[in-house]
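Number of protein chains: 2
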Amino acid sequence: MSNEEKLSKYIHIINGEQWLVEDDRDNLKVSYRVKEVIFSAESPFQHVMILETYDFGRMLVLDGVVQSTEKDGYIYNEMITHVPLHIHPDPKKVLIIGGGDCGAAKEVTKYKSVEEIYFCEIDELVVKASKEHLTGVADHLNDERIRYIFADGIQYMKEHRNAFDVIIVDSSDPVGPATELFTFDFYQNVFNALKEDGLMVCQSESPIFYKDTMQNTFESLNKLFPVVKPYTAVVPTYPGGLWSFTIGSKRYQDLADTGFEPATKYFNRDILNACFALPQFMKKD
Amino acid sequence: MSNEEKLSKYIHIINGEQWLVEDDRDNLKVSYRVKEVIFSAESPFQHVMILETYDFGRMLVLDGVVQSTEKDGYIYNEMITHVPLHIHPDPKKVLIIGGGDCGAAKEVTKYKSVEEIYFCEIDELVVKASKEHLTGVADHLNDERIRYIFADGIQYMKEHRNAFDVIIVDSSDPVGPATELFTFDFYQNVFNALKEDGLMVCQSESPIFYKDTMQNTFESLNKLFPVVKPYTAVVPTYPGGLWSFTIGSKRYQDLADTGFEPATKYFNRDILNACFALPQFMKKD
């Protein structure tokens with residue numbers, strides 16, 4: 001399909017209004033009223049849109065599915081970065097895999113102690129569009145410590161050993177290009193790419209709607225890392241709201257007391273202490 | 001509008017499938033695929049439906065808006081009851097205002113120490129339909145301690161003084177019949193209806209989408225009660241996922257150590273300790 005055909009597939013005109021109708025689930029549809037299509041193009045990997053919406057500000061949409069918004073994207077991005085960066089006591093070399101909205105990279109730049117930020121995203125167009133148009137999420141991302149690597153994270157992990165303090169796997173859902181980012185083999189390579197006291201975090205999907213993915217992630221990491229810590233946050237634009245993340249750590253498990261408090265909108269010390277509390281249904285099986 | 005007209009307003013036929021299209025917000029629509037309309041009728045107060053859905057099991061829908069589902073209703077109902085019932089050390093007389101899905105009442109019956117449960121819901125039809133058809137939420141609600149009062153909670157509060165240990169205000173959104181349940185005058189009457197060491201809780205809406213309501217609730221309770229404690233939970237079928245509750249207490253503020261752990265699916269001791277942690281944006285203003 002051409003960009004024009006994709007655009008008319010995702011953006012519906014209803015009573016003269018433009019609506020993005022998310023169509024990735026069989027039995028639940030969420031529709032967002034759109035003010036303006038800011039950017040729309042087909043990359044070699046997926047269809048990329050930036051929309052100006054009424055309720056969520058600017059929004060990054062890949063293959064018709066919402067990835068990040070100005071209204072609530074900071075919650076996800078703060079929680080996937082500040083939690084692991086508060087467990088590792090001295091992260092100097094941080095790798096982000098995925099995270100094309102640039103929000104995770106922006107959060108990592110808040111740590112002065114971090115010396116190098118490797119940002120490995122397969123789709124250069126997503127980064128370009130986000131930096132230019134998704135400014136509420138990606139703003140001011142001109143930090144000299146960032147090294148952009150537009151490459152396949154799977155392959156990149158195979159080529160590195162004992163290299164990173166923290167690896168943040170900020171993938172989209174396990175369909176299409178991101179599927180392999182949820183496999184044991186990939187996590188094994190992430191393990192090998194970490195230094196001997198390194199740790200990783202990944203988003204591990206909705207505990208309500210994609211419980212299997214969350215459990216498989218936990219089990220995979222549990223075979224590799226001595227410390228595995230799931231935690232949760234609320235992501236309003238993801239189905240079910242409740243979202244899980246999982247940390248795999250080679251050495252550190254407690255919260256480091258660095259005294260550093262990044263400037264944030266969701267994350268704080270209370271949330272950091274509370275986020276590891278799991279609902280009963282996440283504990284039982 | 002007749003029941004039939006309402007039904008065809010709320011349930012859309014799309015490509016031969018039945019969909020409930022929630023239509024209460026201007027710029028965001030959530031649609032749920034429906035297997036079967038189990039119950040549909042017009043009460044003197046609102047249109048009442050019970051639907052069998054694909055992703056959320058049975059669902060209670062009032063005036064076209066989802067109130068409670070088998071899939072996730074327990075989160076809301078556990079969090080609006082077990083948190084206050086773990087702060088009051090010895091609740092004997094508990095009042096529920098609203099809560100027509102019967103889920104909050106069901107949770108309260110888990111406490112053997114509670115002697116009387118007053119359940120004041122304006123719309124008898126909602127309770128009747130829920131008890132008969134919404135069994136995953138309202139099941140086994142034949143407890144002899146429950147006294148049903150089908151009356152206006154506003155009026156009921158005006159008529160009681162120094163009567164209850166715990167009052168749970170389980171209202172729908174502040175539109176239509178529930179509007180007055182969010183006013184200072186109402187909270188004042190709740191304060192008066194509580195015993196001298198009593199406490200109340202209310203749902204105080206989404207901190208993301210209805211921040212004003214949440215803040216007004218906090219300010220109203222703050223004028224009345226020496227102890228005011230907001231807390232949050234995730235409610236997947238409510239807009240934004242993140243939901244706020246606010247406790248107003250005349251005396252108790254710490255968690256009581258009763259040793260009692262109700263059988264639950266979401267709530268547990270970790271969640272109880274964690275739920276008072278507020279995101280940065282809820283603290284700042």
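The listed protein sequences correspond, in order, to chains A and B.
Here the first sequence is numbered in full-length UniProt numbering, starting from 1 and rising by one per residue.
Here the second sequence is numbered in full-length UniProt numbering, starting from 1 and rising by one per residue.
Heads up, the beta-carbon is just placed ideally off N, CA and C, and yes, glycines get one too.
Interface flag, residue i vs chain D, CB-CB below 8 Å
| i | result |
| --- | --- |
| B/Arg33 | Protein chains A and B are contained in the structure displayed, whereas chain D is not. |
Enclosing alpha helix (DSSP H) for residue i [first to last residue]
| i | result |
| --- | --- |
| residue 318 of chain B | The structure shown does not extend to residue 318 of chain B, since chain B is modelled only from 1 through 285, so no value can be given for it. |
| A/Lys106 | 103-108 |
| B/Ala178 | Looking at the DSSP string, B/Ala178 is not in any alpha helix (DSSP H), and its letter there is neither H nor E. |
| B/Cys74 | Sequence check: residue 74 of chain B is Tyr here, not Cys. B/Tyr74 -> alpha helix (DSSP H) spans 73-82. |
| B/Asp270 | 269-274 |
| B/Val114 | B/Val114 -> no alpha helix (DSSP H), and no H or E assigned at all. |
| A/Ala263 | No alpha helix (DSSP H) holds A/Ala263; DSSP gives it neither H nor E. |
| A/His136 | Note that residue 136 of chain A corresponds to Gly in the displayed sequence, not to His. Unbroken alpha helix (DSSP H) run through A/Gly136: 135-138. |
Cross-strand partners of residue i (DSSP beta bridge)
| i | result |
| --- | --- |
| A/Cys202 | A/Val169, A/Thr246 |
| residue 286 of chain A | Any question about residue 286 of chain A goes unanswered here, given that chain A covers just 1 to 285. |
| A/Gln18 | A/Ile13, A/Val34 |
| A/His47 | A/Glu42 |
| A/Leu62 | A/Val48, A/Val65 |
| A/Thr258 | DSSP output for A/Thr258 lists no bridge partner at all. |
| B/Phe164 | B/Leu194 |
| A/Thr53 | A/Val34 |
| A/Leu28 | B/Tyr32 |
Inter-residue CB distance, residue i and residue j (contact presumed, cutoff 8 Å)
| i | j | result |
| --- | --- | --- |
| A/Tyr76 | A/Ala263 | Between A/Ala263 and A/Tyr76 the Cβ distance is about 17 Å, and since that is not below 8 Å, they are no contact. |
| B/Val83 | B/Leu272 | 6 Å |
| A/Val227 | A/Asp165 | Going by Cβ atoms, the distance from A/Val227 to A/Asp165 rounds to 15 Å, so no, they are not a contact pair. |
| A/Gly187 | A/Leu224 | Strictly speaking, residue 187 of chain A in this sequence is Tyr, with Gly absent from that position. Yes, they are in contact, since the Cβ atoms of A/Tyr187 and A/Leu224 sit about 6 Å apart, within 8 Å. |
| A/Phe209 | A/Gly240 | 5 Å |
| A/Gly176 | A/Gln46 | 7 Å |
| A/Phe182 | A/Thr213 | 6 Å |
| A/Gly153 | A/Gly98 | 6 Å |
| B/Glu107 | B/Glu78 | 6 Å |
| A/Ser204 | A/Thr246 | 4 Å |
| A/Phe115 | A/Arg145 | The question names Phe, yet the displayed sequence has Glu at residue 115 of chain A. A/Glu115 to A/Arg145, Cβ: 7 Å. Contact. |
| A/Cys275 | A/Tyr238 | About 16 Å; that fails the 8 Å criterion. |
| A/Ser8 | A/Val21 | Contact flag wrong, Cβ pair sits at about 11 Å. |
| B/Leu62 | B/Val126 | 7 Å |
| B/Ala41 | B/Val34 | Incorrect: roughly 17 Å between the Cβ atoms, too far for contact. |
| B/Met138 | B/Cys102 | Before going further, note that residue 138 of chain B is Ala rather than Met in the sequence given. Contact flag correct, Cβ pair sits at about 3 Å. |
| A/His86 | A/Leu255 | 6 Å |
For residue i, the first and last residue of its enclosing beta strand (DSSP E)
| i | result |
| --- | --- |
| A/Thr232 | 227-234 |
Taking 8 Å as the cut-off, does the stretch 89-101 of chain B touch the stretch 2-13 of chain B (at least 3 CB pairs, one atom from each stretch)? The answer is no - the stretch 89-101 of chain B does not touch the stretch 2-13 of chain B, with fewer than three Cβ pairs under 8 Å.
Is it a yes or a no for the stretch 108-125 of chain B touching the stretch 196-204 of chain B, going by three-plus beta-carbon pairs under 8 Å? No: the two stretches stay apart, fewer than three of their Cβ pairs being nearer than 8 Å.
Within the chosen definition, does the stretch 17-31 of chain B reach the stretch 37-55 of chain A through at least 3 CB pairs nearer than 8 Å? At 8 Å Cβ cutoff, the stretches touch.
Assess, as a yes-or-no matter, whether the stretch 131-138 of chain B is touched by the stretch 156-172 of chain B under the definition of 3 or more beta carbon pairs within less than 8 Å. Verdict: no, contact absent.
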